[in-house]
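Take a look at the structure below.
2 protein chains.
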Amino acid sequence: MIQDIRDIYQEVEKFMDQEITLQGWIRNHRKQKEFGFIDFNDGTYFKGVQIIYDNTLPDFEEIQKLRVGCALTVKGTLKKSPKENQAFELHLSSYQLEGDCPEDYPIQPKRHTREFLREQAYLRPRTNLFGAVFRIRSIAAMAIHEYFQKNHYVYVHTPLITTTDCEGSDQMFKITTLDFNHLPMVDGHVDLSKDLFGKQAYITGTGQLHGESFAMAYKKIYTFGPTFRTENSNTKTHANEFWMIEPEIAFCDLDGLMDIEEEMLKYVVSYVLEHAQEEIAFCDSFVEKGLKQKLEKLVASKFVRITHHEVVDILKKANIKWEFTPDDNEDIAKEHERYITEYFDGPVFITNWPKDIKAWYMKVNDDGKTVAAVDLEVPGAGELMGGSQREENYDKLQKRMKEMGIEEDVVDWYCNLRRFGGCYHSGFGMGFERLLIYLTGVENIRDVIPFPRTPGNCDY
Amino acid sequence: MIQDIRDIYQEVEKFMDQEITLQGWIRNHRKQKEFGFIDFNDGTYFKGVQIIYDNTLPDFEEIQKLRVGCALTVKGTLKKSPKENQAFELHLSSYQLEGDCPEDYPIQPKRHTREFLREQAYLRPRTNLFGAVFRIRSIAAMAIHEYFQKNHYVYVHTPLITTTDCEGSDQMFKITTLDFNHLPMVDGHVDLSKDLFGKQAYITGTGQLHGESFAMAYKKIYTFGPTFRTENSNTKTHANEFWMIEPEIAFCDLDGLMDIEEEMLKYVVSYVLEHAQEEIAFCDSFVEKGLKQKLEKLVASKFVRITHHEVVDILKKANIKWEFTPDDNEDIAKEHERYITEYFDGPVFITNWPKDIKAWYMKVNDDGKTVAAVDLEVPGAGELMGGSQREENYDKLQKRMKEMGIEEDVVDWYCNLRRFGGCYHSGFGMGFERLLIYLTGVENIRDVIPFPRTPGNCDY
Chain A
1 MIQDIRDIYQ EVEKFMDQEI TLQGWIRNHR KQKEFGFIDF NDGTYFKGVQ
51 IIYDNTLPDF EEIQKLRVGC ALTVKGTLKK SPKENQAFEL HLSSYQLEGD
101 CPEDYPIQPK RHTREFLREQ AYLRPRTNLF GAVFRIRSIA AMAIHEYFQK
151 NHYVYVHTPL ITTTDCEGSD QMFKITTLDF NHLPMVDGHV DLSKDLFGKQ
201 AYITGTGQLH GESFAMAYKK IYTFGPTFRT ENSNTKTHAN EFWMIEPEIA
251 FCDLDGLMDI EEEMLKYVVS YVLEHAQEEI AFCDSFVEKG LKQKLEKLVA
301 SKFVRITHHE VVDILKKANI KWEFTPDDNE DIAKEHERYI TEYFDGPVFI
351 TNWPKDIKAW YMKVNDDGKT VAAVDLEVPG AGELMGGSQR EENYDKLQKR
401 MKEMGIEEDV VDWYCNLRRF GGCYHSGFGM GFERLLIYLT GVENIRDVIP
451 FPRTPGNCDY
Chain B
461 MIQDIRDIYQ EVEKFMDQEI TLQGWIRNHR KQKEFGFIDF NDGTYFKGVQ
511 IIYDNTLPDF EEIQKLRVGC ALTVKGTLKK SPKENQAFEL HLSSYQLEGD
561 CPEDYPIQPK RHTREFLREQ AYLRPRTNLF GAVFRIRSIA AMAIHEYFQK
611 NHYVYVHTPL ITTTDCEGSD QMFKITTLDF NHLPMVDGHV DLSKDLFGKQ
661 AYITGTGQLH GESFAMAYKK IYTFGPTFRT ENSNTKTHAN EFWMIEPEIA
711 FCDLDGLMDI EEEMLKYVVS YVLEHAQEEI AFCDSFVEKG LKQKLEKLVA
761 SKFVRITHHE VVDILKKANI KWEFTPDDNE DIAKEHERYI TEYFDGPVFI
811 TNWPKDIKAW YMKVNDDGKT VAAVDLEVPG AGELMGGSQR EENYDKLQKR
861 MKEMGIEEDV VDWYCNLRRF GGCYHSGFGM GFERLLIYLT GVENIRDVIP
911 FPRTPGNCDY
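Protein chains in written order, with my numbering: chain A, 1 to 460; chain B, 461 to 920.
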């Protein structure tokens, strides 16, 4: 029987002094005259197994020729290791070469820059750093599903192809089956009635509107899927394709929403701390010193709740020369975010934002100036989630749409949700990559997405 | 405190004779002169609660005016019901109207056709049928994640935007940020270098190729995400957007793959039977008689494994006049699929298919005529999964690509996986909607997708 290396680590005693078979890849190979050491990893666990062999083996010389990157099946006996930092080692008895690897294999046992590894996107999960990052990605995704399913939310697959143009179509990719070089024309314009859907379709930037319609049936729903932006922006935090989580909850006000956001985030962080111990330890040592402590502190903290107005007051009273002057009618800048999370030494929910800088579907507060929106600011990560109570009043929503130039006909069904048994309800969005940047300490969004898409970059 | 109706059903005794508060919607309202009955549902559970009120309430007359679809907060006392088929009922003490609903509300307490409800996609999850279907969808999705995560597969978010054109670009949607009516031209052709990615990009039809690259790092991975086809086909089983699960496993041959497929499917079906009891019971009664028994039988069965050649033999020996003549070199038809699952009275893995009807990346068997592919045929559902051992030999893969006209430069990185420590490996794909059709008994793919996209149909 073939063992996963993960199983060996889980039950070392069971396998000790037994002959076992492993299948995996050579990460490193150090050869000496009469023996050699192979760092062997099968990807099922962060750590690998050290293989030891010596010249009593009949094929000693062939083994010494094995190169980094080779795929092998190995048989050997698991033995207690004489080394202090290593529980066991495998004494090789026989092996089979499953797949060779040439000298010019790009992933060598040395320090590669992240920029170089980005260009080797299809090979980089074989390195320690990306092996850790993408396993944390998988575990964090499961944590999110577990949190919502345990709390009986319905997972909704909202459509990616859409004609509902809610954030402005210039932010969405158009999709088509037409031949660009032979476009059907009518009256000097492209005849979109000839396209597969008979009209212009897009790939979506949000599942929120569709999510709300399901919240009006199930009370509690969440989405978790890919999302797209056409933003022509080359920063560390922007990508054209990323994953979002968008829960919507009927009969839920802004305070209820903050309760959910706080509980969910703590659940996810705790889950990752428990299920990705080796990976978090690695990131703590080599990516962000103090990462583990930062995450543990978040789980133990009580998130502060404060209004935008109160934040502006604190910023004004601070003895700091701001680049951007704090203002009740303006967004808060990165420098303000940083200050306010340091001021409270923990995560901060900022509520009741000026309505003119927020989206059209947010509920306008009684003051007529602010909306019932909430952003969660987290130390070292900035804005991690954004949510709001949604405008549940049909007439008020129509008024906001007119003020903000939203075309009614593409969202008429969405508005109708207010006519057909609408109720007060709230929802939020969390960019999954922003969470991962926080969880791993890796700063660049390109390094937490398996195959990142950014302007000018769509390889693989 | 506000209760979810689900909680009441889970712990009836705890709430019996207590005053409770619920929030939800009126599904039906039967009025009599001195009292009335409201079918009340909050979406957290398949079943609702029957509310009883009488004319001792001060606002009796207003209550009688409440229409189907209204959103309410209700207070009342939970009482044992005199009715046999109902464990409890709520004796109303007070209510608050959260959102009204007009007479022309499309979802009335009567039988609507599925065609009509398809046109009300944003309201149909409020009906019994779609309430059941989309909760089963959510639960089945969780079952899939649980199976793979428990077995330590890494969940990989393969990219949706891609330039890797592996199945033929005419089957993929093109995406663009260019303005169709002002396309930049160069030498009489559209200048795609001006597009956001600097070249033609698509939304993908598979995550398999990218998945394989991660399997070469983690041994066991799976994808679960949206997938797109441009097929201009209006059948009950085709949609232009659907969800796929695509696991890839290193050091896994075709037998190993079938073990995984069988174990996974049984896990998912068992999980749904356990976690969606009310929904399965409803579908069993109103959608497909015998559904529950069908699913239980699958879990208890041992899947048959048989080659394509053996299947053709059985078909030839059958005393049936086939519309399509069984042939060693041809695909098997729907009529054959049906016969063979009835013949074995259970699920059948059909292996070793003629190479000319299968994909270029499948491993050619030693006979030079067949590939190590496997389709799972399930009684009443046809083909539920398709998989294969992947060609791991670089030269053989190149040869197949030349024969089948696959352009090398777009998949060179994929081929390189064979050079850099490649190994024998396998994977399969399962269309999530096909599974849901099997799990619910609903025949049309448009009725298991929240907002289906088919040719000419992209509303909402």
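Glycine included, every Cβ here is placed at the ideal spot set by N, Cα and C. Source: prediction; values computed, not measured.
Test: residue i CB closer than 9 Å to a CB of chain C
| i | result |
| --- | --- |
| A/N444 | Looking at the structure shown, chain C is missing, and the protein chains on hand are A and B. |
CB contact flag (residue i, residue j, <9 Å)
| i | j | result |
| --- | --- | --- |
| A/H29 | A/V68 | yes |
| A/G421 | B/Y607 | no |
| B/H605 | B/F684 | yes |
| A/F324 | A/E335 | yes |
| B/M824 | B/R860 | Inspection of the sequence shows that residue 824 of chain B is occupied by Val rather than by Met. Yes. Within cutoff. |
| B/T623 | B/F657 | yes |
| B/C530 | B/L552 | no |
| B/I621 | A/N234 | no |
| A/Q389 | A/L257 | yes |
| B/A741 | B/K752 | yes |
| B/E708 | B/G648 | no |
| B/M845 | B/F892 | no |
| A/G382 | A/S426 | no |
| A/F134 | B/Y678 | yes |
| A/Y271 | B/S598 | no |
Span of the beta strand (DSSP E) around residue i
| i | result |
| --- | --- |
| B/S554 | F548 to G559 |
| B/F845 | It should be noted that the sequence gives Met, not Phe, for residue 845 of chain B. Segment G842 to R850, the beta strand (DSSP E) holding B/M845. |
| B/L538 | A531 to K540 |
| B/V764 | V764 to T767 |
| B/E708 | E708 to A710 |
Residues near residue i by beta carbon distance below 7 Å, same chain, minus five either side
| i | result |
| --- | --- |
| B/G665 | E627, Q631, M632, T687, F688 and R689 |
| B/K491 | Q524 |
| B/M645 | D651 |
| A/R6 | T44 and Y45 |
| B/L583 | P566 and I567 |
| B/F911 | A581 and Y920 |
Contacting residues, own chain, Cβ-Cβ under 6 Å from residue i (five flanking each side not counted)
| i | result |
| --- | --- |
| A/F40 | G24, G48, V49 and I51 |
| A/K316 | P326 |
| B/E734 | none |
| A/V378 | P347 and L384 |
| B/K696 | E903 and N904 |
| A/K220 | Y153 and I249 |
Collapsed DSSP secondary structure at residue i in the structure displayed
| i | result |
| --- | --- |
| B/M718 | helix |
| A/F224 | strand |
| B/D791 | coil |
| B/F784 | coil |
| B/K700 | According to the sequence as given, residue 700 of chain B is Asn; it is not Lys. If DSSP states are grouped into helix, strand and coil, B/N700 belongs with coil. |
| B/Q510 | strand |
| B/P839 | coil |
| B/N812 | strand |
| A/K402 | helix |
| A/M172 | coil |
Sequence-distant residues of its chain with Cβ nearer than 8 Å to residue i (five each side left out)
| i | result |
| --- | --- |
| B/V747 | L589, T900, G901 and V902 |
| A/V304 | F344, G346, P347, V348 and F349 |
| B/F495 | I512, Y513, D514 and N515 |
| A/E278 | Y45, F46, K47 and A132 |
Element boundaries [alpha helix (DSSP H), containing residue i]
| i | result |
| --- | --- |
| A/A143 | N128 to K150 |
| A/A217 | Q208 to Y218 |
| A/Q23 | Element bounds for A/Q23: not the alpha helix (DSSP H) but the beta strand (DSSP E), E19 to K31. |
| A/T440 | F432 to T440 |
| A/D412 | D412 to N416 |
| A/R6 | I5 to Q10 |
| A/R114 | R114 to R118 |
> In the region 583-595 of chain B, which residues sit with their C-beta less than 9 Å from some C-beta in chain A, listed in chain order?
Replying inline: Cβ contacts with chain A come from L583, R584, P585, R586, T587, F590, G591, F594 and R595.
>> If the cut-off is 7 Å on Cβ atoms, which residues from the region 142-154 of chain A count as contacting chain B, listed in chain order?
In response: Taking a C-beta cut-off of 7 Å against chain B, the contacting residues of the region 142-154 of chain A are M142, H145, Q149, H152 and V154, listed in chain order.
>> So if I threshold CB-CB distances at 9 Å, which residues from the region 18-36 of chain A count as touching chain B?
In response: Listed in chain order, the positions of the region 18-36 of chain A with a beta carbon within less than 9 Å of a beta carbon of chain B are Q23, G24, W25 and I26.
> Name the residues in the region 420-445 of chain A whose C-beta lies less than 9 Å from a C-beta of chain B; which are they?
Replying inline: Look at the region 420-445 of chain A: the residues with a C-beta under 9 Å from a C-beta of chain B are F420, G421, G422, C423, Y424 and F432.
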